[in-house]
Amino acid sequence: MAFQKAVKGTALIGGGAIATVFGLSQFSQYRNKHGALGQVQAEEGAPVRKEHLPTREQQILALQTSGEFDVLVIGGGATGCGCALDAATRGLKTALLERDDFSSGTSSRSTKLIHGGVRYLQKAIMNLDFEQYRMVKEALEERAHLLESAPHLSAPLPIMLPIYKWWQLPYYWVGIKLYDLVAGSHCLRSSYVLTKSRALELFPMLRRDKLVGAIVYYDGQHNDARMNLAIALTAARYGAATANYAEVRHLLKCQDTGSGRQRVCGVRCRDVITGKEFDVRAKCVINATGPFTDSVRKMDDQEVPNICQPSAGVHIVMPGYYSPDNMGLLDPATSDGRVIFFLPWEKMTIAGTTDSPTDVTSHPIPTEEDINFILSEVRNYLGADVEVRRGDVLAAWSGIRPLVTNPDSKDTQSLSRNHVVTVSDSGLITVAGGKWTTYRAMARDTIDTAVREHKLKAGSCKTMGLQLEGAQDWSPTLYIRLVQDYGLESEVAQHLASTYGGKAFEVAKIAQVTGKRWPIVGKRLVSEFPYIEAEVVYGVKEYARTAVDIISRRTRLAFLNVQAAHEALPRIVDIMGKELNWCEQKKKEQLEAAKTFLYYEMGYKVKTDQLTDRSEISLVPSDIERYKKRFHMFDKDNKGFITILDVQRVLQSISVQIDENTLHEILNEVDLNKNGQVELNEFLQLMSAIQKGRVSGSRLAVLMKSAEENLRRRQAIPVDRSGGGL
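Going by full-length UniProt numbering, the sequence shown opens with residue 1, and the numbers climb by one from there.
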């Protein structure tokens with residue numbers, strides 16, 4: 001019963017409020033235990049937090065005209081932004097440079113979990129590895145702090161371990177209880193055992209055969225890209241000169257008057273937007289570039305050995321009906337030894353693997369082999385009545401985790417799961433390794449090192465309990481005020497509250513009137529997701545400068561459904577064009593760049609490859625005849641293809657109206673050779689792929705089937721005389 005109460009809460013979208021999982025009463029208990037969320041303040045002595053967020057142009061100007069900085073951070077991921085925030089709140093004059101967008105790399109492509117690492121604790125115990133134990137303990141402490149610092153972006157999530165062998169029940173139970181014990185006062189909620197019937201009640205999709213029971217434990221979940229952005233924006237409000245699309249060309253060096261050695265004293269920077277180059281001077285330069293750690297280290301010293309070993313994790317997104325709304329699933333030992341997560345997120349389901357070695361530092365393209373492996377593991381855990389279809393993969397991406405060897409350790413071949421902070425002979429500080437959950441601790445250790453090594457005048461770390469952008473005025477019921485005060489749809493209001501926190505009102509204020517009775521304001525970018533046009537405008541204020549920034553990091557549309565993101569792009573580019581004064585050529589370039597991003601990095605390529613002009617048609621003769629008849633209902637002239645005009649003619653005959661742009665999109669999904677028409681062979685390939693489960697949700701297939709059934713019903717109605725005629 002306790003768990004039933006826990007999962008009945010305010011139905012906030014995705015990974016928003018803690019109330020999502022705990023409910024209002026449980027939320028209050030959690031807040032009393034872990035601190036007054038929404039009211040936590042930084043330690044006394046921290047710099048004043050600015051109410052007004054500087055524009056990107058003002059930040060670039062500050063980088064050029066502010067003289068020497070105390071700290072200059074290279075890298076705008078979670079660790080880099082965490083370093084900038086830590087330094088700024090200590091009163092240090094701080095700058096941060098990111099050559100792409102904030103969170104454009106690893107920090108936006110995680111499993112979305114805030115966790116200590118159950119499997120690392122297992123390894124620590126089995127191998128008597130004290131370093132791994134310390135890492136887990138620190139991560140569990142940081143997990144609690146991260147949930148407190150941004151309650152609108154994060155929430156505790158119950159995760160189930162299904163048990164299929166009796167001996168595993170006590171084994172895993174002891175391990176999970178130790179996980180709770182190590183967390184101590186930071187334990188989110190005590191783990192518990194479920195009977196088979198209770199496990200199936202809470203996770204009805206689970207495979208029943210040989211199921212013994214299950215164990216449920218708690219970890220955190222968050223919106224990673226928005227969390228990263230919140231850290232960057234908070235740093236900016238505390239005075240840090242933070243700039244995305246600011247590329248470091250090379251390091252600057254000068255003679256140290258004390259030792260006579262060359263030391264790093266700044267960087268040569270290029271504004272990617274304007275092309276202008278300038279120098280940024282600093283007493284201390286910090287390398288926090290994740291997978292690109294070694295490339296910056298080699299700017300300092302070409303002979304330095306590599307310390308970074310990239311490890312890839314592939315993730316896919318499937319419809320929300322594949323998992324319960326408030327319950328994840330963990331398989332600690334897949335067929336190839338990796339861990340697989342199966343988690344609800346933003347009303348969808350994420351399935352992903354971890355730690356697959358790779359030779360590349362840029363994000364590899366998810367392959368069909370990667371996706372099929374994950375699907376096969378998902379099938380192993382779902383019941384036979386749940387058909388796991390390849391066509392239900394809505395997006396796919398790969399993230400790089402930069403595991404490192406400690407150059408100061410005797411055993412330099414051993415990969416560290418923890419983070420390392422090193423200082424080169426020229427004073428360049430490098431922070432590498434670690435994990436999302438421990439970003440704050442990594443930043444604290446890095447700035448402590450900077451203060452010590454470069455003799456900077458600064459106080460102690462002040463980020464413990466510091467609230468991030470949007471957290472200060474957030475409450476679990478904030479979305480109700482958005483509905484009542486602005487006339488937003490409830491789903492849209494919940495999304496804005498769980499994405500922007502207290503800043504959601506600023507988005508609502510600029511939302512356009514819909515012209516409908518309800519909702520009054522808030523035009524959606526695509527009908528099935530709660531993202532609205534006003535978020536594009538607000539995203540520009542949050543330093544978004546490309547269409548990719550909007551679809552992948554200001555909103556998460558690209559990570560949830562690549563096809564929906566593709567459809568929203570033209571409108572997004574139009575809105576950004578007005579805000580940033582883009583010419584038509586610039587808008588065209590942005591549109592193509594965003595499409596390329598979706599195609600290669602977010603799984604659109606492997607999705608479209610499921611239906612190609614070389615796809616095999618494996619239909620029985622009766623199905624071929626049935627589909628031919630359906631096709632010829634539209635192709636009345638027997639041309640061998642159908643166009644928008646053919647579809648419009650049939651729709652008009654059954655009194656259905658669809659605007660021309662939407663029809664273009666619907667036909668384009670199936671038009672393999674892109675000649676503006678759908679040929680009979682293309683249609684048969686589509687129907688064959690649907691039968692195999694390789695394609696799902698084809699709007700053209702649904703539209704044509706619906707029109708056929710509608711026409712048949714009309715033809716079946718007898719037209720009798722009304723009576724009395726001759």
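A virtual CB, placed ideally from N, CA and C, is assigned to each residue, including glycine.
DSSP-derived helix/strand/coil call for residue i
i    : result
R263 : strand
N32  : Residue confidence is low: N32 scores 45 on pLDDT, short of 50, so the model does not pin down where it sits. No coordinate-derived value is stated.
F373 : helix
A240 : coil
D635 : coil
D411 : Because the pLDDT of D411 is 46, which lies under 50, any placement of that residue in the model is unreliable, and the question is left without a value.
H222 : strand
V386 : coil
C187 : coil
G640 : coil
W436 : helix
W345 : strand
R524 : strand
R270 : strand
T234 : helix
I74  : strand
L53  : coil
Buried versus exposed, by CB contacts within 10 Å (16 or more), residue i
i           : result
F102        : buried
F22         : Per-residue confidence for F22 stands at a pLDDT of 40, beneath the threshold of 50, marking its modelled position as unreliable; no derived number is given.
A240        : buried
residue 732 : Past the edges of the chain, shown from 1 to 726, lies residue 732, and the structure says nothing about it.
W166        : exposed
C254        : exposed
S460        : exposed
S706        : exposed
R517        : exposed
N372        : exposed
T546        : buried
F130        : exposed
D219        : buried
D637        : exposed
M227        : buried
R143        : buried
R297        : buried
Inter-residue spacing [alpha-carbon to alpha-carbon] between residue i and residue j
i    : j    : result
G577 : C583 : 7 Å
H34  : R189 : Note that H34 scores 46 on pLDDT, short of 50, meaning its location in the model is unreliable and no value can be drawn from it.
Y600 : N561 : 14 Å
K509 : V536 : 13 Å
D646 : D635 : 7 Å
I350 : D370 : 14 Å
D256 : R554 : 43 Å
L146 : R379 : 33 Å
C187 : I176 : 12 Å
G213 : I624 : 46 Å
Q413 : T405 : Any reading at Q413 needs caution, since the residue's pLDDT is 41, under 50, leaving its predicted position unreliable; the model's value is listed next. Roughly 6 Å between the two C-alpha positions.
M208 : H115 : It should be noted that the sequence gives Arg, not Met, for residue 208. Approximately 28 Å between the Cα atoms of the pair.
E589 : R401 : 31 Å
Y439 : P156 : 18 Å
L24  : F203 : At L24 the pLDDT is 41, less than 50, meaning the model places this residue with poor confidence; the figure from the coordinates comes in the next sentence. Straight-line Cα distance between these residues: approximately 23 Å.
E68  : K93  : 8 Å
Start and end residues, alpha helix (DSSP H) containing residue i
i    : result
Q58  : 56 to 65
S311 : Element bounds for S311: not the alpha helix (DSSP H) but the beta strand (DSSP E), 308 to 319.
Y439 : 439 to 454
F505 : 504 to 509
D86  : 78 to 89
H495 : 490 to 500
Y479 : 478 to 486
L96  : Run containing L96: none in the alpha helix (DSSP H); it sits in the beta strand (DSSP E), 94 to 97.
Boundaries of the beta strand (DSSP E) in which residue i is found, first to last residue
i    : result
T662 : Looking at the DSSP string, T662 is not in any beta strand (DSSP E); the run it does join, the alpha helix (DSSP H), is 660 to 668.
G399 : 395 to 405
L251 : 246 to 255
K283 : 277 to 287
V339 : No beta strand (DSSP E) contains V339, which DSSP labels as neither H nor E.
F683 : First-last for F683: 680 to 692, but that is the alpha helix (DSSP H), not the beta strand (DSSP E).
L329 : 328 to 331
Minimum Cβ-Cβ distance from residue i to chain D less than 9 Å
i    : result
P319 : No chain D is part of this structure, which consists of one protein chain only.
Alpha helix (DSSP H) runs contained entirely in the stretch 126 to 164, provided each spans 4 or more residues: Listed in chain order, the complete alpha helix (DSSP H) runs (minimum 4 residues) inside the stretch 126 to 164 are 130 to 149.
Inside the stretch 532 to 607 only - beta strand (DSSP E) runs reaching at least 3 residues: none
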